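The opening position of the sequence shown corresponds to residue 395 in my numbering, with each subsequent residue numbered one higher.
Working notes, structure below.
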Amino acid sequence: MTLYTYISYLEQGFDDVVLLSRLMKALSVGSSSA
(Lines of atoms letter the chains of each structure in order from A and count residues from 1; the text may use other names and numbers.)
(Lines give C-alpha, C1' and ligand atoms only; values in the text may rest on other atoms or scores of the structure.)
Protein backbone atom coordinates (compact mmCIF):
# COMPACT_ATOMS: atom_id res chain seq x y z
CA MET A 1 0.00 0.00 0.00
CA THR A 2 1.33 3.37 -1.01
CA LEU A 3 1.33 6.44 1.19
CA TYR A 4 -1.31 8.13 -0.95
CA THR A 5 -3.79 5.27 -0.67
CA TYR A 6 -3.05 5.07 3.05
CA ILE A 7 -3.85 8.77 3.52
CA SER A 8 -7.01 8.57 1.42
CA TYR A 9 -8.06 5.52 3.42
CA LEU A 10 -7.54 7.44 6.64
CA GLU A 11 -9.58 10.37 5.34
CA GLN A 12 -12.46 8.09 4.34
CA GLY A 13 -12.50 5.82 7.37
CA PHE A 14 -11.31 8.16 10.10
CA ASP A 15 -14.73 8.34 11.76
CA ASP A 16 -15.02 4.56 11.71
CA VAL A 17 -11.55 4.22 13.21
CA VAL A 18 -12.41 6.64 16.01
CA LEU A 19 -15.63 4.81 16.80
CA LEU A 20 -13.86 1.46 16.70
CA SER A 21 -11.07 2.65 18.98
CA ARG A 22 -13.62 4.02 21.43
CA LEU A 23 -15.48 0.72 21.35
CA MET A 24 -12.30 -1.28 21.94
CA LYS A 25 -11.29 1.04 24.76
CA ALA A 26 -14.72 0.71 26.37
CA LEU A 27 -14.57 -3.08 26.04
CA SER A 28 -11.09 -3.27 27.55
CA VAL A 29 -12.05 -1.01 30.44
CA GLY A 30 -15.26 -2.95 31.07
CA SER A 31 -13.52 -6.32 31.00
CA SER A 32 -10.71 -5.18 33.28
CA SER A 33 -13.08 -3.69 35.87
CA ALA A 34 -15.47 -6.64 35.77
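Every residue, glycine too, gets a C-beta built ideally from N, C-alpha and C.
In this text the structure is predicted, and so the values were computed from the model without any measurement.
(request) Could you tell me whether any non-hydrogen atom of the ligand NAD is closer than 7 Å to the CB of S425? (result) With respect to the ligand NAD, the structure offers nothing, as it holds no ligand at all.
(message) Less than 8 Å between C-beta atoms, sequence neighbours within five positions excluded: which residues of the same chain meet that for L404?
(response) For L404, where only same-chain residues beyond five positions count, the Cβ hits under 8 Å are V411.
(request) Could you check the C-alpha separation between L421 and Y398 for me, to the nearest Å? (result) Their Cα atoms are separated by approximately 32 Å.
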